Amino acid sequence: KPPYSYIALIVMAIQSSPSKRLTLSEIYQFLQARFPFFRGSYQGWKNSVRHNLSLNECFIKLPKGLGRPGKGHYWTIDPASEFMFEEGSFRRRPR
């Protein structure tokens with residue numbers, strides 16, 4: 001498992017996008033492409049991603065807009081929370 005929290009992993013995915021917003025499916029694709037852990041048979045991590053997107057106030061759900069194919073929404077980072085992720089401070093804090 002990567003040494004990052006799910007919040008940090010989601011932020012990495014969103015920040016990698018030129019538009020700074022991604023669909024849930026695009027977040028999954030980013031994680032699978034970047035980390036071998038997410039390419040295995042275990043799929044429970046997808047529930048963790050959805051849980052973190054829904055419960056953390058640093059993520060905002062945006063409507064896709066007219067004419068955009070597929071269901072779902074875009075996810076982006078709340079501008080008021082962006083300071084928490086500056087300078088690549090993604091490492092999981094020691095407990």
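Residue 29 in the UniProt record's numbering sits at position 29 of the sequence shown; the count goes up by one each step and never skips. We put the CB at the ideal spot given by N, CA and C, even for glycine. Owing to the predicted nature of the structure, the values given are computational and were not obtained by experimental measurement.
What residue from the options has the CA that sits closest to residue i's CA?
i	options	result
T23	L53, A33, C58	L53
C58	D78, I10, G40	D78
S25	F35, A13, G65, S19	A13
L62	Y74, S41, N56	Y74
Q32	S81, K46, I60	K46
I27	Y42, Y6, G40, S41	Y6
Taking 8 Å as the threshold (C-beta atoms), are residue j and residue i in contact?
i	j	result
P2	F37	yes
F30	S16	yes
T76	R39	no
Could you have a look at residue i and say whether DSSP puts it in helix, strand or coil?
i	result
R93	Annotation note: pLDDT 49 at R93 (below 50); position unreliable, no value reported.
Y42	coil
F35	coil
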